[in-house]
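Structure, as structure tokens:
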């Protein structure tokens with residue numbers, strides 16, 4: 001092979017490699033997104049998967065996440081699918097599982113905005129009751145639950161709290177694949193960290209069926 005052809009072939013290989021990398025959604029850790037052992041080549045392929053409703057997988061688009069900010073971002077919560085979507089300039093940047101309110105504590109539908117952020121928030125309504133010795137005597141308590149003499153009520157941890165309406169907000173929590181919270185929107189920690197870092201007071205949050 002003539003030596004003059006080598007630079008061209010090298011350029012061609014590098015160009016193809018860069019094109020492949022830029023077209024594949026990647027995780028925040030730089031690894032290509034995998035879904036059930038396969039590459040999810042597009043957002044449409046991810047949401048069209050038969051297991052979409054049940055998966056805990058998170059879809060990321062790194063470049064859009066980098067561009068996200070308070071004003072150009074929007075969070076949409078889909079109650080039926082128990083999924084959330086971070087939109088940046090109207091395009092999906094992240095799709096993640098959520099856990100919303102159960103039948104007795106339904107998450108309100110509507111258009112809201114983030115009105116408070118607190119990285120180390122604790123619930124004022126739900127938590128645990130401890131006796132005077134520090135022993136937990138009620139792990140599913142409310143603020144009105146009976147407290148033994150010398151004991152106390154301690155609200156449940158709600159890390160990366162983003163309040164949207166009354167006592168309702170998004171926060172890190174256990175994400176079941178059905179509605180099982182007291183009304184708040186639980187989000188996996190890796191997705192909630194991105195929302196907390198990128199979305200500010202005033203960011204729109206839409207909760208819909």
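In the UniProt record's numbering, the protein residues as written are 1 to 209. Every residue gets a Cβ at the ideal spot worked out from N, C-alpha and C, and that includes glycine.
For the pair residue 73 and residue 57, the Cα-to-Cα distance works out to about 21 Å. The beta carbon of residue 182 is closer than 8 Å to those of 101, 102, 105, 125, 126 in its chain, skipping five residues each way along the sequence. Put simply, the backbone Cα of residue 119 is about 4 Å away from that of residue 160. Its Cα nearest to that of residue 146, the residue 129 stands out among 156, 113, 129, 68.
The C-alpha of residue 204 is placed about 10 Å away from the C-alpha of residue 86. Taking residue 81 as reference, the option from 93, 170, 65, 51 with the minimal CA-CA separation is 51. Boundaries of the alpha helix (DSSP H) around residue 197: 189-198. A direct Cα-Cα distance of roughly 43 Å separates residue 199 from residue 149. Per DSSP, residue 57 is not a residue of any alpha helix (DSSP H), being assigned neither H nor E. For residue 76, the CB contacts under 6 Å within the same chain, skipping 5 residues up- and downstream, are 85, 206 in chain order.
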